[in-house]
Amino acid sequence: MTFDPASYEFNQPTGPSPIRASTVLPARRENVELHTEDGHTLVGELALPESGSIRATLITLHPLPTHGGFMDSHVYRKASYRLPALAGIAVLRFNTRGTASPRGTSDGSFEEGIGERFDVEAAVRFAVERRLPNRWLVGWSFGTELALMYGAVEPVASQVEGAVLLSPPLHRATDAHLGQWAESGKPLAVLVPEHDDYLRPAAAAERFRLVPQARVTGVDGAKHLWVGEKYAGRALNEIVDEVTEAGAGPGGLPQEWDGPVATAVG
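One gets the working numbering by counting positions in the sequence shown from 1 and adding 3 to each.
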């Protein structure tokens, strides 16, 4: 059964509530479908601020689906729960080809990052057609490979402002792809966990020297999967700082919410 984001049940607490891992803040949420040029239908969800202007749009690219990555990978799930309300940010999440989640299963099968080019293009095209402003690619692990390989070339390059990378392994993305980003001049924020399984901060700084405008930030204590609220929250703060003028604020995003809240199950 496909999960319907309209099924969240919101209640009004008597005072401010702490924002926990399962806390869902108000937003306009809808299930969406993306259509690729090679004929696949991808399933996803779009979460928009309930009111006010959209300050930025995140087009999220999830970790490796053959190792458990999908649109509900926890940093992206928390982004969709919080950022529309806390930062005025639209969050587009979707399953790449062949990937399943409670939202449903996208057509096709995993293609090692090659056919997924069409998935990235379909997501960006959807955001453009919906007139979502200030569009940024946000990749995590395998998703960083997709952002690096396809974000600085057309038809994507002219439709996005830049990219934020979480835990880039630089397995599929090559120096040639980094060269394309360098030529594009587009911002590239790179967040590298201290204890990453694949690429750690010092090595990442060396590899990304090919992109003069890249900003590489090592995150003390973090691991590849950003497990724990401390590290997921740090990732969200860094993303908001990069994609909006106001940023997350000197103390980071609020950790309490005074208004209606829901609790996600699972």
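Backbone N, C-alpha and C define an ideal beta-carbon position, used for all residues, glycine too.
Going by DSSP, what residue range makes up the beta strand (DSSP E) through residue i?
{"i": "A225", "result": "A217 to K226"}
{"i": "R175", "result": "No beta strand (DSSP E) holds R175; DSSP gives it neither H nor E."}
{"i": "V46", "result": "T44 to L51"}
{"i": "E197", "result": "L191 to H198"}
{"i": "G254", "result": "G254 -> no beta strand (DSSP E), and no H or E assigned at all."}
{"i": "V167", "result": "G165 to L169"}
Looking at the structure shown, is residue i part of a helix, part of a strand, or coil, going by DSSP?
{"i": "H180", "result": "helix"}
{"i": "I92", "result": "strand"}
{"i": "V35", "result": "strand"}
{"i": "F145", "result": "helix"}
{"i": "I62", "result": "strand"}
{"i": "P21", "result": "strand"}
{"i": "E114", "result": "coil"}
Determine the closest residue to residue i out of the options, with distance taken between C-alpha atoms.
{"i": "S54", "options": "H38, L28 and T39", "result": "L28"}
{"i": "V94", "options": "Q183, S187, M74 and S109", "result": "M74"}
{"i": "V222", "options": "V214, F211 and A207", "result": "A207"}
{"i": "V167", "options": "V141, L37 and R175", "result": "V141"}
{"i": "S19", "options": "Y153, Q258, A88 and Y11", "result": "One detail in the question is off: residue 19 reads as Pro in this sequence, not Ser. Looking at the Cα atoms, Q258 is the closest of the given residues."}
{"i": "T5", "options": "R23, H43 and E48", "result": "E48"}
So residue i and residue j are in contact, right, with Cβ under 8 angstroms, and what is the actual spacing, rounded?
{"i": "F13", "j": "V264", "result": "6 angstroms"}
{"i": "D41", "j": "G118", "result": "7 angstroms"}
{"i": "Q183", "j": "A155", "result": "4 angstroms"}
{"i": "Q216", "j": "L181", "result": "Contact flag wrong, Cβ pair sits at about 11 angstroms."}
{"i": "T69", "j": "F113", "result": "6 angstroms"}
For residue i, report the span of its alpha helix (DSSP H) as first-last.
{"i": "P204", "result": "P204 to R210"}
{"i": "L239", "result": "E232 to V246"}
{"i": "E132", "result": "E119 to E132"}
Tell me whether residue i, by its Cβ, gets closer than 7 angstroms to a heavy atom of the ligand ADP.
{"i": "E241", "result": "With respect to the ligand ADP, the structure offers nothing, as it holds no ligand at all."}
Label residue i either buried or exposed according to how many other C-beta atoms from any shown protein chain fall within 10 Å of its C-beta, with 16 as the threshold for buried.
{"i": "T102", "result": "buried"}
{"i": "P158", "result": "exposed"}
{"i": "V243", "result": "buried"}
{"i": "D7", "result": "exposed"}
{"i": "P21", "result": "exposed"}
{"i": "V46", "result": "buried"}
{"i": "G252", "result": "exposed"}
{"i": "P52", "result": "buried"}
{"i": "K233", "result": "exposed"}
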